[in-house]
Ligand code: NAD
């Protein structure tokens with residue numbers, strides 16, 4: 002399904018005015034919506050993604066309403082490129098206040114006995130190691146002034162374990178929750194807040210990075226909901242709804258919140 006267009010009008014009240022944000026996976030879905038939202042609210046945003054062309058489109062959109070952004074061509078699992086992307090952001094604007102460690106893939110969904118070691122490693126390297134690297138290389142630039150780090154985990158790995166075949170994905174998402182809480186405690190001394198968000202189904206392009214194997218049929222257990230799947234809105238969430246949460250966690254409105262794990266799923270995972 003096509004992504005909804007974000008309204009390009011910048012609101013009057015700018016909650017992250019003049020702050021600098023580094024957003025991974027900014028070319029699509031949740032990262033794209035959050036990058037646009039942060040820019041609308043006055044932040045200068047580095048759009049970090051593997052797919053530079055899509056990040057380039059987001060750049061144009063941000064510039065169309067007078068926002069400021071740059072693109073960093075990175076692979077979150079590659080320490081050299083991650084470090085370079087964060088340095089590029091700091092050199093451009095001389096500060097770093099917000100990190101949205103969001104890039105992720107569903108990867109290969111298959112029974113554990115069929116899971117290739119390489120497929121396991123790919124998912125963990127992108128989702129979990131990528132989060133660690135973003136935080137690691139951001140710390141030296143954030144230590145001085147403090148800031149906010151937001152990590153995108155998932156209900157898969159914290160509340161829901163019926164995504165059959167998604168063992169690598171769920172483990173990576175569970176790991177992100179633990180990592181964010183460890184980081185929240187460790188980085189509190191620098192006034193760096195760290196929070197982790199757990200979306201349910203959100204309408205994005207994540208299907209492009211999902212490989213389901215035929216063997217899945219062997220392990221699936223039918224899960225039947227009474228009606229629909231999301232009790233609150235009876236549909237998947239939109240990336241812009243997640244972006245509102247990211248903005249809140251990035252802004253001073255959440256100044257006393259760190260180490261929190263926030264589910265955003267229209268009550269889907271309570272079923
Ligand atoms: P998406 O595919 O629309 O966007 C993900 C972006 O990350 C893409 O632009 C992709 O190019 C980028 N990316 C992937 N691997 C990368 C890498 N190695 N280096 C740099 N960039 C990379 O998907 P999305 O749904 O917006 O996913 C964002 C995050 O949200 C992911 O961590 C995902 O696990 C999480 N999430 C999504 C859903 C959902 O239903 N869509 C639910 C829960 C959690």
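Numbering (the numbering used here), first residue to last: 2 to 272.
Ideal placement from N, C-alpha and C gives every residue a C-beta, glycine not left out.
Here the structure is a predicted model, which means the values were calculated and not measured.
Proximity to residue 74 [Cα-Cα], best of 52, 94 and 63: Looking at the Cα atoms, 52 is the closest of the given residues.
Pull up the DSSP beta-bridge partners for residue 48, would you. Its beta-bridge partners are 24 and 72.
Give me, in chain order, the residues of the same chain whose beta-carbon lies closer than 8 angstroms to that of residue 258; leave out the 5 immediate sequence neighbours on both sides. 194, 196 and 250.
With a threshold of 7 angstroms, establish whether the CB of residue 50 neighbours any heavy atom of the ligand NAD. Residue 50 Cβ: within cutoff of the ligand NAD.
Which residues DSSP lists as bridging residue 194, in chain order: DSSP output for residue 194 lists 149 as bridge partner(s).
I think residue 167 touches residue 110, with their Cβ atoms under 8 angstroms apart; what is that distance to the nearest whole Å? At roughly 5 angstroms, the Cβ-Cβ gap stays under 8 angstroms, so residue 167 and residue 110 are in contact.
Report the start-end ranges of each alpha helix (DSSP H) in the stretch 108-156 that is 4 residues or longer and not cut off at the edges. DSSP assignment within the stretch 108-156 yields the following whole alpha helix (DSSP H) runs of 4 residues or more, N-terminal first: 118-125 and 131-143.
Do you know whose CA, among 14, 94, 92 and 127, lies nearest residue 177's CA? Among 14, 94, 92 and 127, the Cα nearest to that of residue 177 belongs to 127.
4 or more residues per run - each alpha helix (DSSP H) lying fully within the stretch 210-269: Complete alpha helix (DSSP H) runs here, min 4: 240-251.
Using a Cβ distance threshold of 8 angstroms, determine whether the stretch 100-109 contacts the stretch 25-34, with at least three qualifying pairs required. They touch, by the three-pair rule.
For residue 190, is the classification buried or exposed, using 16 other Cβ atoms within 10 angstroms of its Cβ as the cut-off for buried? With fewer than 16 other Cβ atoms within 10 Å, it is exposed.
In the structure shown, what three-state DSSP assignment does residue 17 receive? Note: residue 17 maps to coil in three-state DSSP.
Spatial neighbours of residue 19 within its chain, please: CB distance less than 7 angstroms, with the 5 preceding and 5 following residues excluded, ordered by chain position. Cβ neighbours of residue 19 beyond the five flanking positions: 43.
Does the distance from the C-beta atom of residue 186 to that of residue 253 stay below 8 angstroms? Not closer than 8 angstroms, so no.
I'd like the list of long-range same chain contacts for residue 152, defined as Cβ closer than 6 angstroms, with 5 residues on each side in sequence excluded. Same-chain partners within the cutoff: 102, 132, 177, 181 and 197.
Secondary structure of residue 165, DSSP reduced to three states: Coil, per DSSP.
Helix, strand or coil: how does DSSP classify residue 63 here? Correct three-state label for residue 63: helix.
Find the nearest neighbour of residue 271 within the set 91, 130, 247 and 233, judged by alpha-carbon distance. The residue with the shortest Cα to Cα distance from residue 271 is 233.
Alpha carbon to alpha carbon, what distance is there between residue 95 and residue 262? The alpha-carbon separation between residue 262 and residue 95 amounts to approximately 30 angstroms.
Would you check if there are 3 or more beta carbon pairs closer than 8 angstroms linking the stretch 198-212 to the stretch 240-249? Judged by Cβ distances under 8 angstroms, the stretch 198-212 makes contact with the stretch 240-249, as three or more pairs qualify.
Give the range of the beta strand (DSSP E) segment to which residue 99 is assigned. Following the DSSP letters along the chain, one finds residue 99 inside the beta strand (DSSP E) bounded by residues 99-102.
Neighbourhood of residue 267 by C-beta, 7 angstroms cutoff - its chain only, sequence neighbours within 5 removed: If we look at residue 267 and ignore the five residues flanking it on each side, its Cβ neighbours are 201, 231, 232, 233, 234 and 238.
Those residues which DSSP pairs with residue 200 across a bridge: Paired residues: 265.
Residue 207 beta carbon less than 8 angstroms from that of residue 165: With respect to residue 207, residue 165 sits apart: the two C-beta atoms are not nearer than 8 angstroms.
Just checking residue 240 against the ligand NAD - is the residue's beta carbon closer than 7 angstroms to any of the ligand's heavy atoms? For the ligand NAD, at least one heavy atom lies less than 7 angstroms from the Cβ of residue 240.
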